[in-house]
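According to my numbering, the sequence shown is numbered sequentially starting from 319. Glycine is no exception: its CB is placed at the ideal position from the N, C-alpha and C atoms. This structure is a prediction, so every number in the text was calculated from the model and none was measured.
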Amino acid sequence: MNIILLGAPGAGKGTQAEKICEYCHIPQISTGNIIRAAMRDGTEAGKKAQEFVNAGKLVPDAVVIEMVNERLKQDDCKNGFILDGFPRTVPQAQALKEMGVEIDHVIDIEVPDETIMQRMTGRRVCGECGATYHLVYNPPKVENTCDKCGHELIIRKDDHPDTVKDRLQVYHEQTEPLKDFYKELNVLYMIEGDKPVEEVTKDTLNALGVKSALEG
Ligand code: AP5
Ligand code: MG
C-alpha cells in the first residue's frame, strides 16, 4: 500500500505516519526528517537545504525529488510506504508519477491554522530518530526522552511562531493545490485532524481500510 499524508505543518502527518507504520508495517518516509538528518550530518544536500528550512521555505524541488527517488529504491519500500511531507508542490507530485510510483491513498489531515499555532509551541522531536511528541497531547513516557530510541528530545528550529506563520503561508500557496491534483485521481480522503490523536488514527485507518485494535 502506497500512502501519501497531506496537511499543513503541524497537522499531525508525522504523528499519524508513526501509527500507520505500527499497523501496516511499511516505512514512514518523512522528507522533513531526511532533510534534518542531512543538515545534522553536514552533507551537500543538507547544506543546500539549511537556509530554506530555517526560513520556513520549501527546499528546491530538485533536491527533495532526488532524496525521495533514492529512498524509494530501498528494499523496505517493496511492500509499500507512507510519504510524510512529500509531495509538497505540483512539480513534486508530477515527478513522483514520472518515477512510476502508483499511489493508493492520499490522506489529507485538515486542521485550522489557529490550532496549529497552539500545537507547535508544545512539540518536541527526537534529535536522533525524528519521532514526534507534544508536552500535553502526546507526551513521552519518560520526560524529555524518546520512547522509541531513548535519545533526548529537542525543539525544532523552525517551530518558532514567526516561522510557523511563514510555513503555513507556503502550505496554502504551494501545497494545498495538491488536494485538487489527487481529487482528480480519486485517491483523496479528507480527515478532520482537530481531534485527539487516537481518534484521528482511527479515522485514518478506516480510510485506509485497515482493521485495528482501536476500532469499536
Ligand atoms: P516537515 O518536517 O515535513 O514539516 P511540516 O510539513 O511543516 O510538518 P510538521 O512536521 O511541522 O508537522 P506534522 O504534520 O508532521 O505534525 P506533527 O505530527 O509533528 O518539513 C520541514 C521543512 O523541511 C519544510 O519547512 C521545508 O523547508 C523542508 N521540506 C520537507 N519536505 C519538503 C518537500 N517535500 N519539499 C520541499 N521542502 C521540504 O504534529 C505537530 C504537533 O502536534 C506535535 O507536537 C504532535 O504531538 C501534536 N499533535 C499531532 N496530532 C495531534 C492531535 N490530534 N491533537 C493534539 N496534538 C497533536
Ligand atoms: Mg512532521
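Within the same chain, Cβ atoms closer than 6 Å to the Cβ of T481 are found at G374, the five residues on either side in sequence being excluded. Cα atoms of I338 and E416: separation of roughly 26 Å, rounded to the nearest angstrom.
Relative to the ligand MG, even the nearest heavy atom lies 6 Å or more away from the CB of K483.
With at least 16 other beta carbons inside 10 angstroms of its own, K331 counts as buried. For L324, the enclosing beta strand (DSSP E) stretches over residues 320-325.
Taking C-beta atoms as the reference points, E494 and C467 fail to come closer than 7 Å.
Annotation for I509: the continuous beta strand (DSSP E) segment containing it runs 506-510.
In this structure D477 is in contact with M438, their Cβ atoms being roughly 5 Å apart against a cut-off of 8 Å. For C444, the enclosing beta strand (DSSP E) stretches over residues 441-444.
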